[in-house]
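Student: Position in the sequence shown (first residue = 1) + 1 = the working numbering.
Glycine included, each C-beta is placed from N, C-alpha and C at the ideal position.
Structure below; questions to follow.
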Amino acid sequence: CSSDGQSLVSMEFNFNNIQGELPFELSLLTSLTTLSLRNPDENEPYIRGSLPSHLDSLTALKSLAISGNMLSSGIPLSFGSWSNLESLDLSNNGLNGGIPSTLGFLSMLTRLDLSGNYLSGLVREEVFDGAKYLVEINLERNALTGIANSIVGLDSLRILNVGDNVLGTFPRHVTQLVNLTSLDLRENEFREELHPSIGRMKGLQSLNLSGNLFFGTIPVEFRNLEGLTILLDLRYKNRRGLFTAIIAAH
């Protein structure tokens, strides 16, 4: 509760196997700054139903986590109205549809986790236009087909995970994110040569491109990735040995 003992500012019911639908009464707790309803992944019972759009009345929210449930809806457009929100976690919920462009209005957002859903289509330009403080984006295990070029304007971004989607073509523009420390693009159905521009991402500490069908040789520019502390993972067939020869040249 707040200092006057009247207004609830934090509600956390994590790993309690909460079930049923999210009640309308949650939207009346307008002083909430933290709402966390996490269920153990793949554990029943679940919260079911849809993400209610009326949660947009919680205008003081700084952190929202609703994860590990069985929801049958998309992400409401109204979820872009939280001007104070810093962290949004809607992972492992079975959400469908596209990522709404209104999330770009979350101007204070630093962490976005939409992993483990059925989200599809292109991540649109508007999603990244206003969220300039994003440090971490996790979109793994969805059905996304592309990432808009506007992501290159996120100078604060350090962690980008779009692994296990269906991008099809390597998004070369992400190599302009030179401040990234972790990049995961595994299992995205890439069938192409590795692009030398990856070598300019000198701040990378972790790079995972496994489960794709890269061919040709590993570009010599990869020698610039001197900051890798987690072994570059290009596993599909015989890539690991090739990379070992490159790092030995330092």
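1. Exposed or buried, M12, counting other C-beta atoms within 10 Å across all chains shown (16 or more means buried)?
2. How many Å lie between D90 and F80 at the Cα?
3. Report yes or no: do three or more beta-carbon pairs, one from the stretch 125 to 136 and one from the stretch 144 to 154, lie closer than 8 Å?
4. Report the CB separation of S92 from D114 in whole angstroms; it is logged as a contact under 8 Å.
5. Nearest to L184 by alpha carbon, out of H196, Q206, H174?
6. V128 by DSSP, collapsed to three states: which one?
7. Helix, strand or coil: which one does DSSP assign to R50?
8. Please go through the same chain and pick out, in chain order, the residues whose beta-carbon is closer than 8 Å to the beta-carbon of L168, but skip the five residues on each side of it.
9. List the whole-angstrom C-beta distance separating S8 from S32, where the pair is believed to meet the contact cut-off of C-beta under 8 Å.
10. Taking the alpha-carbon of S198 as reference, which of G217, L181, L140, H174 has the nearest alpha-carbon?
11. Label D165 either buried or exposed according to how many other C-beta atoms from any shown protein chain fall within 10 Å of its C-beta, with 16 as the threshold for buried.
12. Can you tell me where the beta strand (DSSP E) holding I160 begins and where it ends?
13. If I'm right that F171 touches E193 with Cβ under 8 Å, what's the distance once you round it to whole angstroms?
14. Rounded to whole angstroms, what is the Cα-Cα separation between G75 and E137?
15. Quick check for students: name the residue ranges of the alpha helix (DSSP H) that lie wholly in the stretch 93 to 143, counting only runs of 4 or more.
16. Note down the Cα distance separating M109 from G217, rounded to an integer number of angstroms.
17. Here's the rule: buried if 16 or more other CB atoms are within 10 angstroms of the residue's CB, otherwise exposed. What is L214?
Tutor: Considering the structure as presented:
1. Counting Cβ neighbours within 10 Å, M12 comes out exposed, since fewer than 16 surround it.
2. The alpha-carbon separation between D90 and F80 amounts to approximately 12 Å.
3. Here the stretch 125 to 136 makes contact with the stretch 144 to 154; the two share three or more CB pairs at distances below 8 Å.
4. Indeed, because the Cβ distance is near 5 Å, the residues count as touching under 8 Å.
5. Distances from the CA of L184 to each of H196, Q206, H174 were compared; the closest alpha carbon is that of Q206.
6. The answer is helix: DSSP assigns V128 an H, G or I state.
7. Note that residue 50 is Gly in the sequence shown, not Arg. Reduced to three states, the DSSP call for G50 is strand.
8. Here the set comprises L145, T146, G147, I148, L186, N189, E190, F191.
9. Indeed, because the Cβ distance is near 4 Å, the residues count as touching under 8 Å.
10. For S198, the nearest C-alpha among the options comes from H174.
11. Sixteen is the threshold: when 16 or more other Cβ atoms of the shown chains lie within 10 Å of the Cβ of D165, as they do, the residue is buried.
12. Per DSSP, I160 belongs to the beta strand (DSSP E) from 160 to 162.
13. Indeed, because the Cβ distance is near 6 Å, the residues count as touching under 8 Å.
14. When the Cα atoms are used, G75 and E137 turn out to be separated by approximately 22 Å.
15. Listed in chain order, they are 126 to 130.
16. Going by the C-alpha atoms only, they are around 42 Å apart.
17. Flag for L214 reads exposed.
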